[in-house]
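J.: Residue numbers (my numbering), protein chains in the order written: chain S, 1 to 113; chain V, 114 to 226. Just so you know, even glycine gets a beta-carbon here, dropped at the ideal spot from N, CA and C.
Shown next, in the form of structure tokens:
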């Protein structure tokens, strides 16, 4: 089945550690996105990529980094510079045009040890 | 600038009674509008979308929404709530540009037996 796979489902980070969240899609979408979800705040855009080898900062990019070396993959690294990383992270693809919906993965919940 | 307001953070209904989840938006252009549902620790699933065709949009699981330009509203309704409808619902508006989606803060629907 076509879809988006995020891994791991749960992740724990130690102080000063970088961690990487995986996002893979087999929907043949050019556009991919990373969102952060905190209770009562909806979704906030971290980074997005319109095409391979290109990506743009979203509204809350500080403390995060991404790469887009393959169409199918858009990993997110939460760096030690992100002081409040505890959140639910959602990856999405699609929505290349405003009338097209995004498709979401099942998320990764990141917590601090 | 685009924005989305979900007027109720929590809605509680009894099983078998109607559901109304309210969404107002602001848009400088002809918007595309979406409703998504999110079950706990899951990603967002598309319920329905409006993209300038019929103003009454039917979606999955018996949900529908009506686009009212004069009221800048896109309220989600369902005639009869089911226990499985208990979840969080997000209203989303997109700009008439590439890759920009604006999320409401979400409405949690509780369904009482």
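Between the stretch 181 to 193 of chain V and the stretch 131 to 138 of chain V, can you find at least three pairs of beta-carbon atoms closer than 8 Å?
T.: Output reads yes: the stretch 181 to 193 of chain V touches the stretch 131 to 138 of chain V.
J.: Residue 198 of chain V: buried (16+ other C-beta within 10 angstroms of its C-beta) or exposed?
T.: By the 10 Å Cβ count, residue 198 of chain V comes out buried.
J.: Residue 156 of chain V touches chain S at which residues, Cβ-Cβ below 9 Å?
T.: Ordered by position in chain S, the residues that pass the 9 Å Cβ test against residue 156 of chain V are 4, 6, 90, 91, 92, 103, 104, 105, 106, 107.
J.: Run through the DSSP bridge pairs and tell me what residue 32 of chain S is partnered with.
T.: In the DSSP output, where bridge partners are listed per residue, residue 32 of chain S has S:49, S:93.
J.: So that I know if they touch, is there some Cβ in chain V lying closer than 8 Å to that of residue 82 of chain S?
T.: Chain V contact via Cβ: absent.
J.: Assuming residue 63 of chain S contacts residue 79 of chain S under a Cβ cut-off of 8 Å, what Cβ separation, rounded to an integer in Å, is found between them?
T.: Sure, about 6 Å apart at Cβ, within 8 Å.
J.: If I'm right that residue 99 of chain S touches residue 185 of chain V with Cβ under 8 Å, what's the distance once you round it to whole angstroms?
T.: 18 Å between Cβ atoms; not a contact.
J.: Within the same chain, show all residues whose beta-carbon is closer than 8 Å to that of residue 171 of chain V, passing over the 5 residues directly before and after it, in chain order.
T.: Contacts found: 161, 177.
J.: With distances taken between CB atoms, is the gap from residue 88 of chain S to residue 68 of chain S smaller than 8 Å?
T.: No; because the gap between Cβ atoms is not below 8 Å, this pair is not in contact.
J.: Quick check: the stretch 137 to 154 of chain V against the stretch 194 to 208 of chain V, are there 3 or more CB pairs under 8 Å?
T.: Touching, yes.
J.: Can you check whether the C-beta of residue 164 of chain V is within less than 8 Å of a C-beta belonging to chain S?
T.: Yes, because at least one Cβ of chain S sits closer than 8 Å to the Cβ of residue 164 of chain V.
J.: In three-state DSSP terms, what is residue 60 of chain S?
T.: Of the three classes helix, strand and coil, the one that applies to residue 60 of chain S here is coil, per DSSP.
J.: Since residue 49 of chain S and residue 31 of chain S should fall inside the 8 Å C-beta cutoff, what is the C-beta to C-beta distance between them, to a whole number of angstroms?
T.: Going by Cβ atoms, the distance from residue 49 of chain S to residue 31 of chain S rounds to 7 Å, so yes, they are a contact pair.
J.: Measure the beta-carbon distance from residue 14 of chain S to residue 110 of chain S and round it to whole angstroms, keeping in mind my assumption that it falls under 8 Å.
T.: Not confirmed; about 12 Å, so no contact.
J.: May I ask you to report which of helix, strand or coil DSSP gives residue 174 of chain V?
T.: Residue state, collapsed to three classes: helix.
J.: Would you list, in chain order, the members of the stretch 38 to 59 of chain S that have their beta-carbon closer than 7 Å to a beta-carbon of chain V?
T.: Residues passing the 7 Å Cβ filter: 40, 41, 42, 43, 48, 50.
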